[in-house]
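This report refers to the structure that appears directly beneath it.
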Amino acid sequence: MTYSNQEIYEMFQEEECDITEKGVWVEYGKYSYRTSVIKIEDKFYEIQESRSGSYYTDYYYEDPEIYEVTPKEVVITKTVYERIK
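Structure below.
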């Protein structure tokens with residue numbers, strides 16, 4: 000079944016889907032951003048949200064950007080340094 004972006008976002012807000020990764024709001028001055036990934040049936044969607052305003056006043060939300068994505072495993076190598084005894 001095909002869903003519109005509005006339907007996908009409503010499912011996310013109502014938690015009527017599998018939430019794979021629920022992002023946290025990252026603050027940049029008066030702007031905040033959050034990216035989440037959900038699964039509906041066998042498809043994954045990335046939801047990018049943005050808002051402006053303040054915790055002490057009101058937030059103004061932009062329309063979310065929604066993209067179909069696919070999971071991909073990535074191996075990351077990190078160099079660490081150990082003390083010499």
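Counting along the sequence shown from 1, when you hit position 61 you're at 60 in numbering that gives the first Met the number 0, and nothing is skipped either side.
Don't be surprised by glycine CBs; every beta carbon is placed ideally from N, CA and C.
Whole angstroms is fine: what's the gap from residue i's alpha carbon to residue j's?
i: SER3; j: GLU81; result: 52 Å
i: TYR44; j: THR78; result: 33 Å
i: ASP41; j: GLN5; result: 18 Å
i: VAL25; j: ARG33; result: 6 Å
Whole-angstrom Cβ separation of residue i and residue j, contact assumed at under 8 Å?
i: ILE46; j: CYS16; result: About 10 Å; that fails the 8 Å criterion.
i: SER35; j: LYS21; result: 5 Å
i: TYR27; j: PRO63; result: Not a contact, Cβ separation roughly 17 Å.
i: SER51; j: LYS29; result: 5 Å
Please classify residue i as buried or exposed, where buried requires at least 16 other C-beta atoms within 10 Å of its C-beta.
i: GLU61; result: exposed
i: ILE65; result: buried
Check: Counting Cβ pairs, one atom from each stretch, are 3 or more of them under 8 Å apart for the segment 69-78 and the segment 51-58?
Finding: no
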